Amino acid sequence: MKTTRFTTVLWDVDGTLLDFLYSQRCAITRAFHSVGREITQEQIERYSQINESFWKRHERGEVEREELLTGRFLQLFDEYGMEGIDLPAFLQEFQDALGSVFLHRDDSLAVCRFLAGYVRQYVVTNGVTATQTKKLKLSGLWDLMDGVFISEEIGKPKPSSFFFESCLSRVEEKDRRKILIVGDSLSSDIKGGKEAGIATCWYRPDGSVNPTGLKPDYEISDLHMIYDILGVFDRWQSPQGRS
Ligand SMILES: [Mg+2]
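Numbering that gives the first Met the number 0 puts the first residue of the sequence shown at 0, with every later residue one more than the last.
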């Protein structure tokens, strides 16, 4: 393996390697169709807010996973007075669809494929095991990873120290200064990474501002910018380093 500043990258999936909002929009539309209903754009946007809020509370340990999976839809149904929906059938269709529709961000497959010769790569994701596994396999990312860590399997989500310690005990690199987490969430990826003592890279393609006191070590607006952070081209750019 060639030398880089970091030997190991921990990738967030939703909103980082893959476009989560795209998958979510397709999945919720398909789930509503499966029970003979329609959903409007406004309702999809409202669902997205509700889901985000449930996940934030789950990250803080205030809501259990099972409550999140159903509660977010029950709140949506309640707010819009949607009655008589077969919830188990709806949830099944939603999770199936969420794992089968995907869109790469910034050509992430090519980025990960290129990096596979330089660093070890692992997925660190909050989500449902079956859904995340299916999506990672279909998108081609699974085969490029040295390991995949999913919160449902581990038992606690990012940013808990339980999640991070469990992952870090299973990655090959033991020097935490050589491990970099890349993710779009300040509250889960960056917070958890900092608390675990690894380097952090905040991915913010939309140029969103940082409302927290958390200071990521790096910020990128495009996944290709990771090459500079990892220093994968340093040997090529320096005449002395050329071999
Ligand atoms: Mg994310």
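Think of the CB as a built atom: it goes at the ideal place given N, C-alpha and C, for glycine as much as any other residue.
Please read these numbers as outputs of a predicted model, since none were measured by experiment.
In angstroms with no decimal places, state the Cα-to-Cα distance between residue i and residue j.
i      : j      : result
Pro215 : Arg203 : 11 Å
Val62  : Arg119 : 33 Å
Pro210 : Ser184 : 12 Å
Val12  : Gly182 : 8 Å
Phe113 : Gly191 : 26 Å
Ile197 : Ile219 : 17 Å
Ile178 : Arg64  : 28 Å
Ser187 : Ile149 : 13 Å
Ile228 : Tyr46  : 36 Å
Leu134 : Asp18  : Note on residue identity: the sequence assigns Lys, not Leu, to residue 134. About 11 Å.
Thr69  : Leu90  : 8 Å
Ser160 : Leu167 : 10 Å
Arg104 : Val110 : 10 Å
Ser207 : Arg175 : 28 Å
Met224 : Gly116 : 17 Å
Ile38  : Lys173 : 48 Å
Ser165 : Asp142 : 21 Å
Phe93  : Leu108 : 25 Å
Using C-beta distances below 8 Å, list every residue in its chain close to residue i, excluding the 5 sequence neighbours before and after it, in chain order.
i      : result
Glu152 : Thr128
Leu20  : Gly14 and Ser47
Gly35  : none
Tell me which residues share the same chain as residue i and place their Cβ nearer than 7 Å to its Cβ, disregarding the 5 neighbours each side in the sequence.
i      : result
Phe76  : Ile84
Ala96  : Cys25, Ala26, Arg29 and Ala30
Tyr79  : Gln42
Met144 : Gln120, Tyr121 and Val122
Glu56  : For the sequence presented, residue 56 should be read as Arg rather than Glu. Here the set comprises Val62.
Leu137 : Ser99 and Phe101
Tyr226 : Phe232
Kindly give me the distance between the Cβ atoms of residue i and residue j, rounded to whole angstroms, as I take these residues to be in contact under 8 Å.
i      : j     : result
Val73  : Trp54 : Looking at the sequence itself, residue 73 is Leu, so the reference to Val does not match. Between Trp54 and Leu73 the Cβ distance is about 16 Å, and since that is not below 8 Å, they are no contact.
Leu140 : Leu16 : 6 Å
Val170 : Thr7  : 6 Å
Pro156 : Glu82 : Between Glu82 and Pro156 the Cβ distance is about 31 Å, and since that is not below 8 Å, they are no contact.
Excluding the 5 residues preceding and the 5 following residue i in the sequence, name in chain order all residues of the same chain whose CB lies nearer than 6 Å to its CB.
i      : result
Leu9   : Tyr121, Val123 and Ile180
Val147 : Val122
Arg71  : Ile49, Asn50 and Phe53
Ala195 : Phe163
Gly98  : Thr130, Lys133 and Lys134
Ile189 : Thr199, Trp201, Leu213 and Pro215
Unbroken stretches of the alpha helix (DSSP H), 4 residues or longer, contained in the stretch 100-185: 107-114, 128-137, 150-153 and 160-169
Contact set, ligand 1 heavy atom to C-beta under 6 Å: For ligand 1, the selected residues are Asp11, Asp13, Gly14, Thr15, Gly182, Asp183 and Ser184.
Any alpha helix (DSSP H) of 4 or more consecutive residues that is wholly inside the stretch 20-63: 40-58
Minimum length 3: unbroken beta strand (DSSP E) runs contained in the stretch 191-236: 198-202 and 217-219
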